[in-house]
Structure formats: C-alpha cells, structure tokens
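Participant:
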Amino acid sequence: MDLSLENKKIELIQWLSTLNDTSLIDKLMKLREKDKNDWWSEISASEKESIEKGIQDADNGKLTSHSNVKEIYEKWL
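Anchor point for the sequence shown: position 19 equals 19 in UniProt numbering, and the numbering is continuous, going up by one each time.
#1: Where Lys-75 and Asn-37 are concerned, what is the direct C-alpha to C-alpha distance, given to the nearest angstrom?
#2: Enumerate, from N- to C-terminal direction, the unbroken beta strand (DSSP E) stretches of 3 or more residues contained entirely within the stretch 23 to 63.
#3: Can Leu-31 and Ile-25 be called in contact, C-beta distance under 8 Å?
#4: From what residue to what residue does the alpha helix (DSSP H) around Leu-12 run?
#5: I need the straight-line Cα distance from Trp-40 to Asp-59, nearest angstrom please.
#6: By DSSP, does Ser-65 sit in helix, in strand, or in coil?
#7: Measuring straight from C-alpha to C-alpha, what distance separates Ile-13 and Lys-34?
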C-alpha cells in the first residue's frame, strides 16, 4: 500500500489516538525528543564558522541580491 505523506500522517495520528500502551507511548516520546536534537551541535567547526561569517556579513550589509546572484550563475541553472 503506497500512501502519500499526508495519508501516512493521518493514519499515524488515528493509530496514536487509540493507543493505551504507556510504554509504547513513552518510547515514542523519547524518539520525538531524540529527533529534536539541535543541528548546530551536529555540524563541523568549519560549517559553524562559515555560517557565523555569513551572519556577520549580513549584519554588516554585505549582501548580494537574488537577482544579481541569479545573473552570475545563470549559465549553471
């Protein structure tokens, strides 16, 4: 049975609403918490440095408009 993502979500919600097994609900809650991990702690130091430089550039007004970037890279798009 090939369900769309929305149908899968609805099916899971319906199933979850009928659950009475507290140990299974606790496992699902732990899975949900594990999935909430902060991506910042998962990336490398060089990635963090690059992001921080980008934020600093933006804060200092060193921005390039989308239309200029599109014009520059148009041949590859």
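Just so you know, even glycine gets a beta-carbon here, dropped at the ideal spot from N, CA and C.
Facilitator: A quick look at the data gives this:
#1: Near 38 Å, if we compare the C-alpha coordinates of Asn-37 and Lys-75.
#2: With a minimum length of 3 residues, no continuous beta strand (DSSP E) run stays inside the stretch 23 to 63.
#3: Going by C-beta atoms, Leu-31 is not nearer than 8 Å to Ile-25.
#4: In this chain, the alpha helix (DSSP H) harbouring Leu-12 covers 5 to 18.
#5: Their Cα atoms are separated by approximately 20 Å.
#6: If DSSP states are grouped into helix, strand and coil, Ser-65 belongs with coil.
#7: Roughly 19 Å separates the two Cα atoms.
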